[in-house]
Every structure is written in C-alpha cells, then in structure tokens.
Amino acid sequence: MKNTAARPLAIFLTSTAILVLLGLAVMTNASIPLSQANHGESFYYLKHQIIYGMFLGLLAFFFFSRFNHSHLKKMALPFLFLAVILLILVFVPQVGYEAGGAKRWISIFGFSFQPSEFAKLAIIVYLASWLESKKDKIKKPVMLVPFLFWLGLIGGLVLIEPDLGTFLVICAIALSMYFSAGAKIKTLAGLFLIGVVILTTLIVAEPYRRQRLTSFLNPGSDVAGQGYQLNQALITIGSGGVFGLGLGKGVQKYSYLPETIGDSVFAIVSEELGFVGAVSVLLLYLVWILSGLKIASTAGHVYGGYLVLGVIIWIGLQTFINTLGILGLIPFTGIPLPFISYGGSALAIELAAVGIVANVAKRK
Numbered sequence: 156m157k158n159t160a161a162r163p164l165a166i167f168l169t170s171t172a173i174l175v176l177l178g179l180a181v182m183t184n185a186s187i188p189l190s191q192a193n194h195g196e197s198f199y200y201l202k203h204q205i206i207y208g209m210f211l212g213l214l215a216f217f218f219f220s221r222f223n224h225s226h227l228k229k230m231a232l233p234f235l236f237l238a239v240i241l242l243i244l245v246f247v248p249q250v251g252y253e254a255g256g257a258k259r260w261i262s263i264f265g266f267s268f269q270p271s272e273f274a275k276l277a278i279i280v281y282l283a284s285w286l287e288s289k290k291d292k293i294k295k296p297v298m299l300v301p302f303l304f305w306l307g308l309i310g311g312l313v314l315i316e317p318d319l320g321t322f323l324v325i326c327a328i329a330l331s332m333y334f335s336a337g338a339k340i341k342t343l344a345g346l347f348l349i350g351v352v353i354l355t356t357l358i359v360a361e362p363y364r365r366q367r368l369t370s371f372l373n374p375g376s377d378v379a380g381q382g383y384q385l386n387q388a389l390i391t392i393g394s395g396g397v398f399g400l401g402l403g404k405g406v407q408k409y410s411y412l413p414e415t416i417g418d419s420v421f422a423i424v425s426e427e428l429g430f431v432g433a434v435s436v437l438l439l440y441l442v443w444i445l446s447g448l449k450i451a452s453t454a455g456h457v458y459g460g461y462l463v464l465g466v467i468i469w470i471g472l473q474t475f476i477n478t479l480g481i482l483g484l485i486p487f488t489g490i491p492l493p494f495i496s497y498g499g500s501a502l503a504i505e506l507a508a509v510g511i512v513a514n515v516a517k518r519k
C-alpha cells in the first residue's frame, strides 16, 4: 500500500515543484518592466512572490503535510467562519482596498491578502467534512438547504467584490464535490439551469461584462478597449513559434501585454518557450491532475478522498479557465494560472492545499 501511495505522491509533488520554479523563472524577467515602472527597482515582484508566496507557502505546505488531515474535520466550520469574516473585511474602510476596479484585498499590519483565495480552500475543507457526515442523506432534497446557504454566502460575498471568475470557480468546486458524493443528476441539472440564468443576468446587468463577452465573440470589434488584452495575448502566443524566443527573451512584456505576470502569464510562457514548451506545461498540469486523482481514489477514508478531490478540481478548473481564456476559446475571466501567476496569497494557499493532499496520501 505504501508503494502504491508513494509513487503518485512523488509525481504529484515533483510536478508541483516544477510548476512553481517555472513560475519564478518566467517572473524573473517578465516582471522587470512592471517592477521598474511601479517601484523603481527590477525585482520587486519577484522578491514579493518568493517571500510571501513561496516561502510562506512552503511553511504552510510542511505544516499541513504533517498535520493529520482528519483533525481538519473539527476545524471545518471555524475555517468557513474565518473565510466569511475575511471576505467581509474586504469592505471595511482602512482594511480592505481596491485595485483594478474591484475590492478583493485586505491589508493588515502592512501585509496584503486576498481572502477569496482562502475561501476556496475553506469551502473544500468544510464540504469534505459535511459530505462525509451526510453521505447517507445526500440524495434527499432537504440537503440542498445547508449546501446552498454556505455556497450562497461565500459566493455572494465574492461576487459583490466583484469577482465573477472566482465566484464561478467556487460554485464549480462545490457542485463537483456535491455530485461526487452521490447527489441526484436531476438535482444537479436543476442547479445548473438556475446557474445559467444567474450567470446570464450577471452578464447582462453589467456593461463591462457585456463588452467582454462581445470582445470574445468578435475580438476585432474593440482591439483598443475590452479586446486589447486578448488580442495582445494572441499576438504574444503566436510570436513564440514552435520553440520560442528563449526564456527571458520575450518582447511583449515591455508594455504591450497587460497582466504579464498575472492572468496573461501563459502567453509569456508560450512566447518564450514556444508551442513545444506551452504544450509541455499543459501536460505537466495534466500529470499533476491525474496523480492527484489517483491519490484521491486510494485515500484511506472518505473524508481524505473528498479533500483531495476538491483541491484537484480547484487547481484543474483554474488551469482550464485561464489557458482557454488566454487562447480566446472561452470568455476572458481574469482567473490566474495556478502556481505560475503572480500572487503571494494565491501561491501560499495553493501550497497549503498541496500539503493537505500529501498528508492524505501518506496516511492510509
């Protein structure tokens, strides 16, 4: 059994390490123009990512990889309450602050943090515990009440920031876990239809969302406005050719492509590493997902399996949304690329989640 668990875990952790190191390698040069323009130094964003993302993330990883994940069941509800409190703090003056037209961050004692990243992990921890405790009742319609209450509370707070992309990710994580626990297909079909109505309403209600959808359907309709990032991303990807311009040798980072180290980072990867490199990165994510699913399927108990499944759905879904969005295959949402995009709190929480998966794999 140990050998069965050890190999998927080794593959899982190795692929995680490669993705994180690749993110830092790409950021080393891609962040220089932005760092110099905003902070007057070359490696501000790289240092921030190393200190607040990788270093804190490794501490979280080592803690959760050694912390018996079964104890998380007792912390599931406090985790969720903490997520709600942090999301509310986003709207408190002097604590929450706005960037890019949305209030998604809080600053406490000079430390900036994005609560919605923690909320993803919190809802996974809570649902894993709740679904295990209700596994014999999950098919009953009454079970929808607590499920939709917590999903609506967490998702609603994220939505009014506003952050539609993260709202959709959280909903998809929750619904996928609910379905995996044995919920009836007709129940999920009903929830899906309701979701489509809500999503359509949200898009129609906001002019900038309508414009973003229009630019997706017709990228050439507003190349200097809503369609600018997508068009520049496609130019960046195309300029990489088969083998790329070389790591650090891309040119689109020089004020052409927005969010070069954020949600557009896959375009930079494609420019510098080419088609071969970009496909290799996607295959690495696939290896990560498959090894994670193997860990989930061989977990020693139901709770651990749900935990791992939730993490894999989360990271896999974000990878899917980010890469398809930057390729113009789905509407652009601004969802970052896991392990690679800039964001200290995001990377730290992702590595904490990897630690939880490692603990599940080791405790059969």
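Position one of the sequence shown corresponds to residue 156 (my numbering), numbered consecutively onward.
We put the CB at the ideal spot given by N, CA and C, even for glycine.
Checklist entry - Could you check where the alpha helix (DSSP H) with Ser267 kicks off and where it finishes? => result Against the sequence shown, residue 267 aligns to sequence position 112. No alpha helix (DSSP H) contains Ser267, which is instead part of the beta strand (DSSP E) from 266-268.
Next on the checklist: My parser needs the alpha helix (DSSP H) runs of 4 or more residues fully inside the segment 366-429; what are they?
Outcome noted: 383-394
Checklist entry - What residue from Lys339, Val457, Val509 has the CA that sits closest to Pro493's CA? => result Here residue 493 corresponds to residue number 338 of the sequence shown, with the count starting at 1. Checked all of Lys339, Val457, Val509; the closest Cα to Pro493 is Val509.
Item to check | Cβ-Cβ separation, Gly459 to Phe167 (assumed contact under 8 Å), whole Å | outcome: Start at 1 with the first residue of the sequence shown, and residue 167 comes out as number 12. Start at 1 with the first residue of the sequence shown, and residue 459 comes out as number 304. The pair is not a contact, with the Cβ atoms about 14 Å apart (cut-off 8 Å).
Item to check | Burial state of Glu196 (16 or more Cβ within 10 Å) | outcome: Start at 1 with the first residue of the sequence shown, and residue 196 comes out as number 41. It counts as exposed.
Checklist entry - Around the Cβ of Ser190, are there at least 16 other Cβ atoms within 10 angstroms (buried) or fewer (exposed)? => result Looking up residue 190 in the sequence shown gives position 35. Under this definition Ser190 is a buried residue.
Next on the checklist: To the nearest angstrom, how far is the alpha carbon of Leu306 from that of Lys404?
Outcome noted: Counting from one through the sequence shown, the residue named residue 306 turns up at place 151. Counting from one through the sequence shown, the residue named residue 404 turns up at place 249. Rounded to the nearest angstrom, the two C-alpha atoms are 44 Å apart.
Item to check | Of the listed residues Ile485, Ser410, Ser435, Val424, nearest to Ile187 (C-alpha basis) | outcome: As a working note, residue 187 is residue 32 in the sequence shown. Of the listed residues, the one whose Cα sits closest to Ile187 is Ser410.
Checklist entry - What is the rounded straight-line gap between the Cα of Phe234 and the Cα of Phe218? => result Mapped onto the sequence shown, residue 234 falls at position 79. Mapped onto the sequence shown, residue 218 falls at position 63. Rounded to whole angstroms, Phe234 to Phe218 spans 16 Å at the Cα level.
Checklist entry - Where Ser225 and Val424 are concerned, what is the direct C-alpha to C-alpha distance, given to the nearest angstrom? => result The count along the sequence shown starts at 1 and reaches residue 225 at position 70. The count along the sequence shown starts at 1 and reaches residue 424 at position 269. Each residue's alpha carbon lies about 38 Å from the other.
Next on the checklist: Quick test of your reading: Ile481 and Ala338, contact by CB under 8 Å. State the CB separation rounded to the nearest angstrom.
Outcome noted: As a first step, residue 481 is located in the sequence shown; it is residue number 326 there, counting from the start. As a first step, residue 338 is located in the sequence shown; it is residue number 183 there, counting from the start. That pair is no contact at about 32 Å.
Checklist entry - Would Ile476 pass as a contact of Ile495 if the rule is Cβ separation under 7 Å? => result For the purposes of this step, residue 476 is taken as the residue at position 321 of the sequence shown. For the purposes of this step, residue 495 is taken as the residue at position 340 of the sequence shown. Result no, Cβ atoms of Ile476 and Ile495 do not sit closer than 7 Å.
Checklist entry - In whole angstroms, what is the alpha-carbon distance linking Met332 and Leu214? => result Position 177 of the sequence shown holds residue 332. Position 59 of the sequence shown holds residue 214. The straight-line gap from Cα to Cα measures roughly 27 Å.
Checklist entry - In the structure shown, what three-state DSSP assignment does Gly480 receive? => result Within the sequence shown, residue 480 is the residue found at index 325, counting from 1. DSSP places Gly480 in helix when its eight states are reduced to three.
Next on the checklist: If you reduce the DSSP assignment to three classes, tell me which class Gly337 lands in.
Outcome noted: Looking up residue 337 in the sequence shown gives position 182. Coil, per DSSP.
Checklist entry - When DSSP builds the beta bridges, which residues end up paired with Trp260? => result Within the sequence shown, the letter at position 105 stands for residue 260. Partner(s): Tyr252.
Checklist entry - Under three-state DSSP, which class holds Ser186? => result Taking the sequence shown and counting its residues from 1, one reaches residue 186 at position 31. Ser186 falls in the coil class under three-state DSSP.
Item to check | Alpha-carbon spacing of Leu237 relative to His203, whole angstroms | outcome: Position 82 of the sequence shown, counted from the first residue, corresponds to residue 237. Position 48 of the sequence shown, counted from the first residue, corresponds to residue 203. Looking at the two C-alpha atoms, the distance is approximately 25 Å.
Item to check | Whole-angstrom distance between Ile485 and Glu287, CA atom to CA atom | outcome: Translated into the one-based positions of the sequence shown, residue 287 becomes position 132. Translated into the one-based positions of the sequence shown, residue 485 becomes position 330. Straight-line Cα distance between these residues: approximately 34 Å.
Next on the checklist: Is the separation between the beta-carbon of Leu472 and that of Ala327 shorter than 7 Å?
Outcome noted: Here residue 472 refers to the residue found at position 317 when the sequence shown is read from its first residue. Here residue 327 refers to the residue found at position 172 when the sequence shown is read from its first residue. The answer is yes: Cβ separation under 7 Å.
Checklist entry - Is Tyr458 helix, strand or coil when you go by DSSP? => result Translated into positions along the sequence shown, residue 458 becomes position 303. Reduced to three states, the DSSP call for Tyr458 is helix.
Item to check | Three-state secondary structure assigned by DSSP to Lys289 | outcome: Numbered from 1 along the sequence shown, position 134 holds the residue referred to as residue 289. Looking at Lys289 - three-state DSSP - the assignment turns out to be coil, as it is neither helix nor strand.
Checklist entry - Who are the Cβ neighbours of Gly396 in its own chain at under 6 Å, not counting the five residues just before and after it? => result The count along the sequence shown starts at 1 and reaches residue 396 at position 241. For Gly396, where only same-chain residues beyond five positions count, the Cβ hits under 6 Å are Gly429.
Item to check | Nearest-angstrom Cα separation, counted from Val359 out to Met209 | outcome: One-based indexing of the sequence shown puts residue 209 at position 54. One-based indexing of the sequence shown puts residue 359 at position 204. Between Met209 and Val359, the C-alpha separation is close to 39 Å.
Checklist entry - Under the three-state reduction of DSSP, which class applies to Ala513: helix, strand or coil? => result As a position in the sequence shown, residue 513 is number 358, starting the count at 1. Helix.
Item to check | Span separating the alpha-carbon of Gly483 from that of Asp318 | outcome: For the purposes of this step, residue 483 is taken as the residue at position 328 of the sequence shown. For the purposes of this step, residue 318 is taken as the residue at position 163 of the sequence shown. Taking the straight line joining both Cα atoms gives about 20 Å.
Item to check | Of the listed residues Val515, Ala513, Gly499, nearest to Pro270 (C-alpha basis) | outcome: Position 115 of the sequence shown, counting from 1, holds the residue named residue 270. Minimum Cα distance to Pro270 is reached at Gly499.
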